[in-house]
Structures are given as structure tokens and as C-alpha cells.
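All the letters of the sequence shown, read from the start, carry residue numbers 50 to 121 under the numbering used here. We put the beta carbon where it would ideally sit given N, CA and C, even for glycine.
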Amino acid sequence: MRVECYSGFKGDERPLRLQIAGQMIDIAEIEDRWYSPGATFFRVLLANGDRYVLRREDAQDSWALEAFRSPR
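Structure (C-alpha cells):
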């Protein structure tokens, strides 16, 4: 999984697109965002209707997939 981000006030401020199985998909909406020590979580709705929870590890500058839900 690869994540393209918007970098504004700080680097990798929020995700814009996900690459899943070789296909780049736009994030239609960031539904929620929350913080824990050392990480930021995003619940996102993709343009194809799938929902993901993503975790960004601040110290490692890396992204991980925490959860997935398909409308199908």
C-alpha cells in the first residue's frame, strides 16, 4: 500500500490517494481523524465507496492499514 499526501503546515498532513493492488484511488472524504502518542489515524472514504482506517507512524514516517470495509 502506498499513500500520497497533502503537505501543508507539516509534512504528510493528510492522505489524498491510496494505491491498493497497483491501482491509485482518490480519497473522497476524510471522515474522522484522531491522535495517539506517536501516530495519527484517519478514517477515509474512497471514491470507489470502500472505507479504510489508516495509521501514520510519525517517527518512522510510514503508513499502515488498520481496518477495511467494503460496501459490497
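Quiz item: Once you ignore the five residues that flank Glu80 on each side, which residues in its own chain have a CB closer than 7 Å to its CB?
Solution: Apart from the 5 residues on each side of it in sequence, Glu80 sits with its Cβ closer than 7 Å to the Cβ of Arg92, Val93 and Leu94 in its chain, given in chain order.
Quiz item: Around the Cβ of Arg82, are there at least 16 other Cβ atoms within 10 angstroms (buried) or fewer (exposed)?
Solution: Exposed, since its Cβ has fewer than 16 Cβ neighbours within 10 Å.
Exercise. Using the DSSP secondary-structure output, state which residues sit across from Gln68 in a beta bridge.
Key: BP columns for Gln68 point to Arg51 and Met73.
Self-check item: Exposed unless 16 or more other CB atoms sit within 10 angstroms - verdict on Pro86
Solution: The residue in question, Pro86, is exposed, as its Cβ has fewer than 16 Cβ neighbours within 10 Å.
Exercise. Quick one: give me the first and last residue of the beta strand (DSSP E) that Ala116 is part of.
Key: Judged by DSSP secondary structure, Ala116 falls within the beta strand (DSSP E) whose first and last residues are Ser111 to Arg118.
Quiz item: Does the distance from the CB of Ala116 to the CB of Glu106 come in under 8 Å?
Solution: Taking 8 Å as the Cβ cut-off, Ala116 and Glu106 do not qualify as a contacting pair.
Quiz prompt | Residue burial classification, Tyr101 (beta-carbon count within 10 angstroms, cutoff 16) | solution = Around the C-beta of Tyr101, 16 or more other C-beta atoms lie within 10 Å, and the residue is accordingly described as buried.
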